[in-house]
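Reading through the structure tokens given below for one structure.
2 protein chains.
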Amino acid sequence: MKIYRANIIYAPTPDKLEIIPHGYIAVRSSGIIQGIYKEKPEQTDWRQVVDFGDKLLIPAFNDLHVHAPQYRNMGLALDLELLPWLNTYTFPEEAKYANPEYAQKMYRRFVHELWMQGTMRSAVFGTMHSESTRILADLFVQAGMGSYVGLVGMNRNSPDNLQNTTEYVLEGLEMLRNHLDKHGNNGLVKPIITPRFIPSCTPEMLKALGDYAAKTGLPVQSHLSENRSEIAWVAELEPESTCYGDAYNRYGLFGQTPTLMAHCCYTDGEELELMKRNGVYVVHCPMSNSNLSSGIAPIRKFLEQGIKVTLGTDISAGHNLSMLRAMQYAIQVSKLRYAESRGATRFLSLSEVLYLATKAGGEFFGKVGSFEQGYEFDALVIDDTYLNAFDYTLEQRLERYIYLGDDRDIKRRFCRGVELTEPVW
Amino acid sequence: MKIYRANIIYAPTPDKLEIIPHGYIAVRSSGIIQGIYKEKPEQTDWRQVVDFGDKLLIPAFNDLHVHAPQYRNMGLALDLELLPWLNTYTFPEEAKYANPEYAQKMYRRFVHELWMQGTMRSAVFGTMHSESTRILADLFVQAGMGSYVGLVGMNRNSPDNLQNTTEYVLEGLEMLRNHLDKHGNNGLVKPIITPRFIPSCTPEMLKALGDYAAKTGLPVQSHLSENRSEIAWVAELEPESTCYGDAYNRYGLFGQTPTLMAHCCYTDGEELELMKRNGVYVVHCPMSNSNLSSGIAPIRKFLEQGIKVTLGTDISAGHNLSMLRAMQYAIQVSKLRYAESRGATRFLSLSEVLYLATKAGGEFFGKVGSFEQGYEFDALVIDDTYLNAFDYTLEQRLERYIYLGDDRDIKRRFCRGVELTEPVW
Numbered sequence: 001m002k003i004y005r006a007n008i009i010y011a012p013t014p015d016k017l018e019i020i021p022h023g024y025i026a027v028r029s030s031g032i033i034q035g036i037y038k039e040k041p042e043q044t045d046w047r048q049v050v051d052f053g054d055k056l057l058i059p060a061f062n063d064l065h066v067h068a069p070q071y072r073n074m075g076l077a078l079d080l081e082l083l084p085w086l087n088t089y090t091f092p093e094e095a096k097y098a099n100p101e102y103a104q105k106m107y108r109r110f111v112h113e114l115w116m117q118g119t120m121r122s123a124v125f126g127t128m129h130s131e132s133t134r135i136l137a138d139l140f141v142q143a144g145m146g147s148y149v150g151l152v153g154m155n156r157n158s159p160d161n162l163q164n165t166t167e168y169v170l171e172g173l174e175m176l177r178n179h180l181d182k183h184g185n186n187g188l189v190k191p192i193i194t195p196r197f198i199p200s201c202t203p204e205m206l207k208a209l210g211d212y213a214a215k216t217g218l219p220v221q222s223h224l225s226e227n228r229s230e231i232a233w234v235a236e237l238e239p240e241s242t243c244y245g246d247a248y249n250r251y252g253l254f255g256q257t258p259t260l261m262a263h264c265c266y267t268d269g270e271e272l273e274l275m276k277r278n279g280v281y282v283v284h285c286p287m288s289n290s291n292l293s294s295g296i297a298p299i300r301k302f303l304e305q306g307i308k309v310t311l312g313t314d315i316s317a318g319h320n321l322s323m324l325r326a327m328q329y330a331i332q333v334s335k336l337r338y339a340e341s342r343g344a345t346r347f348l349s350l351s352e353v354l355y356l357a358t359k360a361g362g363e364f365f366g367k368v369g370s371f372e373q374g375y376e377f378d379a380l381v382i383d384d385t386y387l388n389a390f391d392y393t394l395e396q397r398l399e400r401y402i403y404l405g406d407d408r409d410i411k412r413r414f415c416r417g418v419e420l421t422e423p424v425w
Numbered sequence: 001m002k003i004y005r006a007n008i009i010y011a012p013t014p015d016k017l018e019i020i021p022h023g024y025i026a027v028r029s030s031g032i033i034q035g036i037y038k039e040k041p042e043q044t045d046w047r048q049v050v051d052f053g054d055k056l057l058i059p060a061f062n063d064l065h066v067h068a069p070q071y072r073n074m075g076l077a078l079d080l081e082l083l084p085w086l087n088t089y090t091f092p093e094e095a096k097y098a099n100p101e102y103a104q105k106m107y108r109r110f111v112h113e114l115w116m117q118g119t120m121r122s123a124v125f126g127t128m129h130s131e132s133t134r135i136l137a138d139l140f141v142q143a144g145m146g147s148y149v150g151l152v153g154m155n156r157n158s159p160d161n162l163q164n165t166t167e168y169v170l171e172g173l174e175m176l177r178n179h180l181d182k183h184g185n186n187g188l189v190k191p192i193i194t195p196r197f198i199p200s201c202t203p204e205m206l207k208a209l210g211d212y213a214a215k216t217g218l219p220v221q222s223h224l225s226e227n228r229s230e231i232a233w234v235a236e237l238e239p240e241s242t243c244y245g246d247a248y249n250r251y252g253l254f255g256q257t258p259t260l261m262a263h264c265c266y267t268d269g270e271e272l273e274l275m276k277r278n279g280v281y282v283v284h285c286p287m288s289n290s291n292l293s294s295g296i297a298p299i300r301k302f303l304e305q306g307i308k309v310t311l312g313t314d315i316s317a318g319h320n321l322s323m324l325r326a327m328q329y330a331i332q333v334s335k336l337r338y339a340e341s342r343g344a345t346r347f348l349s350l351s352e353v354l355y356l357a358t359k360a361g362g363e364f365f366g367k368v369g370s371f372e373q374g375y376e377f378d379a380l381v382i383d384d385t386y387l388n389a390f391d392y393t394l395e396q397r398l399e400r401y402i403y404l405g406d407d408r409d410i411k412r413r414f415c416r417g418v419e420l421t422e423p424v425w
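Residue numbers (the numbering used here), protein chains in the order written: chain A, 1 to 425; chain B, 1 to 425.
And the structure:
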């Protein structure tokens, strides 16, 4: 048992922050939280207590949509909309991952930066290459971080050197699953079924992946209703589907197992109902949706409808791997919706975005993202001294950290109870 | 004469970056740029050359709208729209500046952070307090940075302890003008006439400030058409004016001398024509306009109409004092307009926002913000080593710095030819 003492802040529900000044968290050797206390629990020896002084202790971040092989393009190439952006910038970069040495070099940097930014769990797109994707998974294992790692399925409407086959993807998934069953750090790193998006996958591949999901229970991630041109294209490609979401649904890739759908900028009507009925998660990617001129997703409507919403950076369409930025943009674009609707749509609050960045996304990994009893202890120790020069409350300190902080402020990182030191490869 | 060698990047026009790999800039002892060269100028002794190696050399940033006394609230209190935000959070903080000791303490931090973020010139709102505003001006002088410093006029619709009188403001302005004539670091720091906005100033104060502008030629700064409720309020307060801008114009505060108007989210029709006719500058504050749910200013339309557009952080409605962020948001909100208009409104490019953040705003201070011959040498040396691990072009390095960089990357800062070391008070 370890006991940590700090200014504890977390969001057990979207509507309210839980704040415990100089509180205590007891963590079992299994990494599970035993309890959280305002005063030092009785029968605790002071020698057991790790005291972080006046620092903040918050749940670590969970990034539910991020493209590892686009790391080189982060902060670049943001002058096009989705479909030309894919062809011009993204596919050529991803094709380089046919070379496992390139993958090793770049993925090391990517995983290192996720660590740096305090993102302890992620749902990640690799590329269509089986070996490179296994390398990515192994790096997460080495770093001690949690991740769902996706071997991307794509066999149409992309460059010849960036298409695989249904057989290749099924075989690769099966290999990855067996590999991570043994070497996945006790389930911290797992595979996820990852059709790129409807335009990249033939019906045959989609059906096979849906069948594989049904057989294995593995979760699914993909893209949905990001951009108007993309939606129109999907309608052409899948004339029998009633909406974009229905196209996934018809292949068993829409909530039949836990499913993440990134973007959903234009999800409404039947698609929205289907997501709700099937318990499909929205991954809100406000940075990306601004950078690629996709639009603003109707997050308030999703929340009001009881749809599960999580948050993602979506690099390199998102320009920054920090979940702090994702939180800022989530609030800000919701305010632009609020302005546009003349106040009819309430914007997101600070506690809501902290909830999205921690507990809402953490749910996909189990009991993760909160400091309640029974949760896995994923946490960040934040030293905001330079931001805290005046008389701020703890809530204000959190707000200033979210709006003004960066990787410099994160002093210690924990994933499932284990402190993660800087990955050195 | 000094000669600097580095990878030089600047934006002499909005449509194109000028990039000189390992180029040279010769700067006279007056701080004026003698010339810019691809090769070492003949007859130059190598001993004259200061070589920044592979670093980037770019023009320093100019922030054309920023509220110094709101520094404490930066990154905070962003859950309201403009008018309740002013009353709830901003006015109580500004009232504290009645105490010159408080002003001294806080303004030191503010000016220090402007330095840190590489903003060498600014147009700044102080408070309604004469002495505190003089203190702010003196700090800019001590730091060696350029600034237009505004004693704020406000004598209605604000708390009793935050109203001054026309006489007080005129006298304070005159004192500040005389003081800075002598002690303004050769014109680097100057006063600017600053009615807060129409709702805060009686017609009598507005008229007196307009007369003072005409008499002295001093420039003017204020707020315009930021938010729908504010615009409706101005229409009530100034029933004889045909638009918000016309209210300023009737008092001689709308381009009769050089004039900065922040926001202009809803400027159109007659107001737009008037700004164009009078050469009034728009200060685009996209961070602020998102954070206070104000809306998105029609910057592309302004540019197409030949209206002068500059950029501001507008803290603390803007949450960050970095002009990098202002540039990012300027592009991103223009992309959301692009999405909304289904592609009819072209979004801002990288060279356009660099131009806005450097030369467009620099014009307000003279020949500032470019590396052309005859310009004052305001510059930043950027070490982007950690962002430049792969094979990026110089343009890509600039783009990555704008999207991913921060104060850590700025290694040296120059204002009017003088290298500015960290202000230590």
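Idealized CB from N, CA, C, for every residue including glycine. All values derive from a computational prediction rather than experimental measurement.
- Under the rule that a run must span 4 or more residues, the alpha helix (DSSP H) segments found entirely inside the region 53-135 of chain A read 82-85, 91-95 and 100-116.
- Fully contained in the region 314-370 of chain B is no beta strand (DSSP E) run of length 3 or more.
- The alpha helix (DSSP H) runs lying completely inside the region 235-318 of chain A and spanning 4 residues or more are 244-250, 269-278, 286-291 and 299-304, given in chain order.
- One finds Phe390 in chain A with Cβ atoms closer than 7 Å to the Cβ of Arg72 (chain B), taken in chain order.
- Chain A places no beta carbon closer than 8 Å to that of Gly318 (chain B), leaving this residue out of the contacts.
- A distance below 7 Å between beta-carbons, with the five flanking residues on each side excluded, links Ile331 (chain B) to the following residues of its chain, in chain order: Phe347, Leu348 and Val353.
- By a beta-carbon distance limit of 8 Å, His319 (chain A) contacts Leu78 (chain A). Their separation comes to about 7 Å.
- In the DSSP annotation of this structure, Arg177 (chain B) is not part of any beta strand (DSSP E); the continuous alpha helix (DSSP H) holding it starts and ends at Thr166 to His183.
- Taking 9 Å as the upper bound on Cβ-Cβ separation, chain B lies near residues Met287, Asn289, Ser290, Asn291, Leu292, Ser293, Ser294, Gly295 and Ile296 of the region 281-297 of chain A.
- With contacts defined as CB atoms closer than 8 Å, Phe414 (chain B) and Ala95 (chain B) fail to qualify as a contacting pair.
- Between the region 190-210 of chain B and the region 154-163 of chain B, the count of Cβ pairs shorter than 8 Å is three or higher; the stretches touch.
- Here Glu376 (chain A) carries a strand assignment [DSSP, helix/strand/coil].
- The criterion of a C-beta distance shorter than 8 Å is not satisfied by Leu292 (chain A) and Ala262 (chain A).
- Less than 8 Å separates the beta-carbon of Ile36 (chain A) from that of Ile8 (chain A).
- Assignment of beta-bridge partners to Gly150 (chain B) by DSSP yields B:Phe125 and B:Ile192.
- Listed by position along chain A, the residues whose Cβ is nearer than 8 Å to that of Lys335 (chain B) are Ser290, Asn291, Leu292 and Ser293.
- Around Thr165 (chain B), the same chain offers Asn155 as residues with beta carbons nearer than 7 Å, after the five sequence neighbours per side are excluded.
- According to DSSP, Ala6 (chain A) shares a beta bridge with A:Gly23.
- The C-beta distance from Glu93 (chain A) to Gln70 (chain A) rounds to 6 Å, short enough to fall under 8 Å.
- A residue is called buried when at least 16 other Cβ atoms come within 10 angstroms of its Cβ; Ser130 (chain B) meets this threshold and is buried.
- In terms of Cβ geometry, Val111 (chain A) and Pro423 (chain A) form a close pair [threshold 8 Å].
- Its Cα nearest to that of Cys265 (chain A), the residue B:Leu336 stands out among B:Lys38, B:Leu139, B:Leu336 and B:Arg5.
- In the three-state reduction of the DSSP assignment, Arg156 (chain B) falls in the coil class, being assigned neither a helical nor a strand state.
- Listed by position along chain B, the residues whose Cβ is nearer than 9 Å to that of Ser349 (chain A) are Asp79.
- Your pair Asp378 (chain A) and Gly369 (chain A) checks out as a contact, with CB atoms roughly 7 Å apart and the cut at 8 Å.
- The beta carbon of Leu354 (chain A) does not come within 8 Å of any beta carbon belonging to chain B, so the residue lies off that interface.
- Residues are counted here when their Cβ sits less than 9 Å from a Cβ of chain B; for the region 394-412 of chain A these are Gln396, Glu399, Arg400, Tyr401, Ile402, Tyr403, Leu404, Gly405, Asp406 and Arg408, given in chain order.
- A contact between stretches requires three or more CB pairs, one per stretch, nearer than 8 Å, and the region 7-27 of chain B fails this requirement with the region 114-121 of chain A.
- Each of A:Ser222, A:Asn227, A:Glu238 and A:His284 was checked against the Cα of Gly255 (chain A), and the nearest Cα belongs to A:Ser222.
- At a cut-off of 8 Å between beta carbons, Tyr338 (chain B) contacts chain A.
- Boundaries for Lys215 (chain A): no beta strand (DSSP E) harbours it, while the alpha helix (DSSP H) harbouring it runs Pro203 to Thr216, taken from the DSSP string.
- Within chain B, the residues placing a beta-carbon under 9 Å from that of Leu76 (chain A) are Tyr392, Gln396, Glu399, Arg400 and Tyr403, ordered along the chain.
- By the rule that beta-carbons nearer than 8 Å mark a contact, Gln117 (chain A) does not touch chain B.
- Per DSSP, Ile32 (chain A) lies in no alpha helix (DSSP H) segment and is marked neither H nor E.
- The DSSP-derived three-state label of Pro199 (chain A) is helix.
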